[in-house]
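Counting with mature numbering (1 follows the signal peptide of the UniProt record, and there is no 0), you get residues -18 to -1, 1 to 138 for the letters of the sequence shown.
All residues carry an ideal CB built from backbone N, CA and C; glycine is no exception.
Here is the structure we will look at, set down as C-alpha coordinates.
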Amino acid sequence: MKFAIFGFLFCLLVVSEATKVQQCENGPPLQDGQITISGCDKPPCRLRKKNTAHASFTFSPTEDIPKLSNTVFAQIVGIPFPFIGVDGTNACNQVYEADGETKASCPLKSGQKYVYKNKFDILDIYPRLKLVVHWALTAPGNKDILCFEVPARITN
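Printed below as a string of C-alpha coordinates:
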(Lines of atoms letter the chains of each structure in order from A and count residues from 1; the text may use other names and numbers.)
(Lines give C-alpha, C1' and ligand atoms only; values in the text may rest on other atoms or scores of the structure.)
Protein backbone atom coordinates (compact mmCIF):
# COMPACT_ATOMS: atom_id res chain seq x y z
CA MET A 1 0.00 0.00 0.00
CA LYS A 2 2.78 2.43 0.92
CA PHE A 3 4.58 1.60 -2.34
CA ALA A 4 1.53 2.50 -4.40
CA ILE A 5 1.12 5.72 -2.49
CA PHE A 6 4.72 6.78 -3.08
CA GLY A 7 4.37 6.13 -6.79
CA PHE A 8 1.31 8.24 -7.22
CA LEU A 9 2.59 11.03 -5.00
CA PHE A 10 5.65 11.56 -7.08
CA CYS A 11 3.71 11.73 -10.26
CA LEU A 12 1.62 14.61 -9.08
CA LEU A 13 4.13 17.00 -10.54
CA VAL A 14 2.28 19.47 -12.77
CA VAL A 15 3.42 20.91 -16.08
CA SER A 16 4.32 24.60 -16.24
CA GLU A 17 7.90 25.86 -16.28
CA ALA A 18 10.94 23.68 -16.86
CA THR A 19 11.99 21.85 -13.73
CA LYS A 20 15.61 21.66 -12.62
CA VAL A 21 16.38 17.97 -12.27
CA GLN A 22 19.50 15.85 -11.92
CA GLN A 23 20.66 13.57 -14.69
CA CYS A 24 20.86 9.93 -13.61
CA GLU A 25 24.39 8.72 -12.92
CA ASN A 26 24.67 6.61 -16.08
CA GLY A 27 21.81 8.22 -17.99
CA PRO A 28 21.88 10.09 -21.28
CA PRO A 29 22.62 13.84 -21.11
CA LEU A 30 19.66 16.10 -20.32
CA GLN A 31 18.94 19.43 -22.00
CA ASP A 32 17.70 22.57 -20.22
CA GLY A 33 13.92 22.75 -20.40
CA GLN A 34 13.57 19.05 -21.23
CA ILE A 35 11.63 18.12 -18.06
CA THR A 36 8.56 19.97 -16.78
CA ILE A 37 6.74 19.09 -13.58
CA SER A 38 3.71 21.20 -12.76
CA GLY A 39 4.19 23.59 -9.90
CA CYS A 40 7.90 22.81 -9.62
CA ASP A 41 10.58 24.93 -11.24
CA LYS A 42 13.23 23.98 -8.69
CA PRO A 43 13.59 21.16 -6.16
CA PRO A 44 12.39 19.98 -3.85
CA CYS A 45 9.14 19.59 -5.75
CA ARG A 46 6.18 20.09 -3.45
CA LEU A 47 3.57 17.40 -4.02
CA ARG A 48 0.40 18.60 -2.38
CA LYS A 49 -2.14 16.07 -1.19
CA LYS A 50 -5.54 16.17 -2.94
CA ASN A 51 -3.95 17.58 -6.12
CA THR A 52 -2.90 16.22 -9.49
CA ALA A 53 0.65 16.56 -10.74
CA HIS A 54 1.46 16.73 -14.44
CA ALA A 55 4.80 15.76 -15.95
CA SER A 56 6.07 16.41 -19.47
CA PHE A 57 9.39 15.34 -21.00
CA THR A 58 10.77 16.04 -24.47
CA PHE A 59 13.19 13.56 -26.01
CA SER A 60 14.67 12.42 -29.32
CA PRO A 61 15.78 8.78 -29.52
CA THR A 62 19.18 8.14 -31.11
CA GLU A 63 17.90 4.84 -32.52
CA ASP A 64 14.53 3.31 -33.40
CA ILE A 65 12.71 2.22 -30.23
CA PRO A 66 10.31 -0.74 -30.57
CA LYS A 67 8.94 -0.47 -27.01
CA LEU A 68 9.25 1.97 -24.13
CA SER A 69 8.48 1.42 -20.46
CA ASN A 70 8.36 3.54 -17.31
CA THR A 71 10.99 2.93 -14.65
CA VAL A 72 9.76 4.96 -11.69
CA PHE A 73 10.60 4.66 -8.02
CA ALA A 74 10.94 6.76 -4.89
CA GLN A 75 14.12 6.69 -2.88
CA ILE A 76 13.33 7.10 0.77
CA VAL A 77 16.33 7.05 3.09
CA GLY A 78 18.29 5.46 0.24
CA ILE A 79 15.84 2.61 -0.27
CA PRO A 80 14.05 2.37 -3.66
CA PHE A 81 10.27 1.86 -3.57
CA PRO A 82 8.74 1.15 -7.00
CA PHE A 83 5.73 3.27 -7.90
CA ILE A 84 3.11 0.55 -8.14
CA GLY A 85 0.89 1.05 -11.16
CA VAL A 86 3.54 3.19 -12.90
CA ASP A 87 6.86 1.35 -12.65
CA GLY A 88 7.23 -1.19 -15.43
CA THR A 89 4.16 0.00 -17.36
CA ASN A 90 4.03 0.73 -21.09
CA ALA A 91 5.17 4.33 -21.71
CA CYS A 92 4.23 4.30 -25.42
CA ASN A 93 0.65 5.23 -24.47
CA GLN A 94 1.85 8.57 -23.07
CA VAL A 95 4.04 9.59 -26.04
CA TYR A 96 3.03 12.38 -28.43
CA GLU A 97 4.51 13.94 -31.56
CA ALA A 98 6.59 17.14 -31.12
CA ASP A 99 3.41 19.28 -31.14
CA GLY A 100 2.42 17.65 -27.83
CA GLU A 101 -1.11 17.00 -29.13
CA THR A 102 -0.86 14.28 -31.78
CA LYS A 103 -0.63 10.80 -30.26
CA ALA A 104 2.48 8.86 -31.32
CA SER A 105 2.93 5.13 -31.00
CA CYS A 106 5.79 2.70 -30.78
CA PRO A 107 7.99 2.01 -32.57
CA LEU A 108 9.53 5.48 -32.12
CA LYS A 109 11.81 6.76 -34.88
CA SER A 110 15.44 7.73 -34.40
CA GLY A 111 16.07 11.49 -34.42
CA GLN A 112 12.39 12.45 -34.19
CA LYS A 113 11.30 14.72 -31.34
CA TYR A 114 8.63 13.35 -28.98
CA VAL A 115 6.78 14.57 -25.91
CA TYR A 116 5.92 12.25 -23.01
CA LYS A 117 3.00 13.40 -20.82
CA ASN A 118 1.57 11.83 -17.71
CA LYS A 119 -0.41 12.89 -14.63
CA PHE A 120 -0.95 11.46 -11.17
CA ASP A 121 -3.17 12.16 -8.21
CA ILE A 122 -1.57 12.89 -4.86
CA LEU A 123 -3.93 11.16 -2.50
CA ASP A 124 -4.78 12.38 0.97
CA ILE A 125 -3.77 8.98 2.41
CA TYR A 126 -0.12 9.47 1.35
CA PRO A 127 2.23 10.14 4.25
CA ARG A 128 4.00 13.48 4.48
CA LEU A 129 7.66 12.81 3.77
CA LYS A 130 10.76 13.71 1.78
CA LEU A 131 11.85 11.50 -1.11
CA VAL A 132 13.85 11.47 -4.33
CA VAL A 133 11.88 10.56 -7.44
CA HIS A 134 13.74 8.52 -10.05
CA TRP A 135 12.08 8.45 -13.47
CA ALA A 136 13.37 6.81 -16.64
CA LEU A 137 11.91 5.97 -20.02
CA THR A 138 13.49 2.61 -20.73
CA ALA A 139 13.89 0.75 -24.04
CA PRO A 140 14.41 -3.01 -24.36
CA GLY A 141 17.73 -4.17 -22.91
CA ASN A 142 17.33 -1.74 -19.98
CA LYS A 143 18.60 1.16 -22.10
CA ASP A 144 17.46 4.49 -20.64
CA ILE A 145 16.29 6.92 -23.32
CA LEU A 146 15.69 9.59 -20.69
CA CYS A 147 16.46 9.44 -16.97
CA PHE A 148 16.30 11.99 -14.16
CA GLU A 149 16.02 12.32 -10.41
CA VAL A 150 14.44 15.13 -8.43
CA PRO A 151 14.01 15.69 -4.69
CA ALA A 152 10.37 16.04 -3.64
CA ARG A 153 8.24 16.26 -0.53
CA ILE A 154 4.65 15.33 0.07
CA THR A 155 2.76 18.04 1.92
CA ASN A 156 -0.77 18.99 2.93
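Residues near residue i in its chain [Cβ-Cβ closer than 6 Å; skip 5 each side]
{"i": "Gly82", "result": "Val97"}
{"i": "Pro25", "result": "Val132 and Pro133"}
{"i": "Phe39", "result": "Ile17, Tyr98 and Leu128"}
{"i": "Glu79", "result": "Ala86"}
{"i": "Lys101", "result": "Thr34 and His36"}
{"i": "Gly9", "result": "Asp126 and Cys129"}
Between the CA atoms of residue j and residue i - distance to the nearest angstrom
{"i": "Tyr108", "j": "Val59", "result": "17 Å"}
{"i": "Ala35", "j": "Leu29", "result": "7 Å"}
{"i": "Gly15", "j": "Phe130", "result": "13 Å"}
{"i": "Gln94", "j": "Pro48", "result": "14 Å"}
{"i": "Ile19", "j": "Thr44", "result": "24 Å"}
{"i": "Val68", "j": "Asp103", "result": "12 Å"}
Opening and closing residue of the beta strand (DSSP E) in which residue i lies
{"i": "Asp103", "result": "Tyr96 to Ile104"}
{"i": "Val54", "result": "Ser51 to Ile58"}
Neighbourhood of residue i by C-beta, 8 Å cutoff - its chain only, sequence neighbours within 5 removed
{"i": "Leu50", "result": "Asn72, Ala73, Cys74, Val77, Cys88, Leu90, Leu119, Thr120, Ala121 and Ile127"}
{"i": "Gly70", "result": "Ser51, Asn52, Thr53 and Pro64"}
{"i": "Asp46", "result": "Pro89, Leu90, Lys91 and Ser92"}
Residues that DSSP places opposite residue i in a beta bridge
{"i": "Glu79", "result": "Tyr96"}
{"i": "Cys129", "result": "Ala118"}
{"i": "Ser20", "result": "According to DSSP, which records beta bridges pairwise, Ser20 is partnered with nothing at all."}
{"i": "Arg28", "result": "Arg135"}
{"i": "Ile47", "result": "Leu90"}
Distance cut-off 8 Å: residue i Cβ against heavy atoms of the ligand NAP
{"i": "Lys2", "result": "Here there are no bound small molecules, and the ligand NAP is not part of this structure."}
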